[in-house]
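Working notes, beginning with the structure itself.
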Amino acid sequence: MQKYAHTGAPLPHRHPYLHMQDVGGEEKLRPYWRHYYTGTQGILFVVDATARDALESVALELQAVAKDEQLQGVAIVVCANKTDLPGAASAEELKVMLDLEAYVPPPQV
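Numbering (our numbering), first residue to last: 216 to 324.
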């Protein structure tokens, strides 16, 4: 369980400059996520694949992040951790439970 609200550190690299923030996923921290949206160019949304009972809530949070006006056009990458543990949801289960196909834009002709 995460014990801090966030950590952030610039990663040394010439170009492009990469600055990452870990804002934590605990319910009490979620209202503070918006404070980190300004200037965001990408989001790595990490899901605990063993927390099946929380996936409905996670799906709602992902939906809220994806629909937030400040994040329009920002790439969101969803990653699952703990997939090697017994009882972890499979990639296919997560795809369905999180309704990930809803976030894939239709092909442009």
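All C-beta atoms in this analysis are idealised placements derived from N, C-alpha and C, irrespective of residue type, glycine included.
Remember, predicted model here, so these are calculated numbers, not experimental data.
Please check if any C-beta of chain D sits within less than 8 Å of the C-beta of residue i.
i, result
"L315", "No chain D is part of this structure, which consists of one protein chain only."
DSSP state of residue i, grouped into three classes?
i, result
"L313", "coil"
"Q278", "helix"
"D283", "coil"
"V238", "coil"
"V324", "coil"
For residue i, which residues from the same chain have a beta carbon less than 8 Å from its beta carbon, with the 5 sequence-adjacent residues on both sides left out?
i, result
"G302", "T265 and R267"
"K218", "With a pLDDT of 42 at K218, under the threshold of 50, the predicted position of this residue should be treated as unreliable, and no value is reported."
Apart from the five residues just before and just after residue i, which ones in its own chain have a Cβ nearer than 7 Å to its Cβ?
i, result
"V273", "V262 and L313"
"T326", "Limits of the chain in this structure are 216 at one end and 324 at the other, which puts residue 326 out of reach."
How close, in whole Å, do the beta carbons of residue i and residue j come, if the pair is a contact with beta carbons under 8 Å?
i, j, result
"L315", "V280", "No, L315 and V280 are not in contact; Cβ-Cβ is about 13 Å, not under 8 Å."
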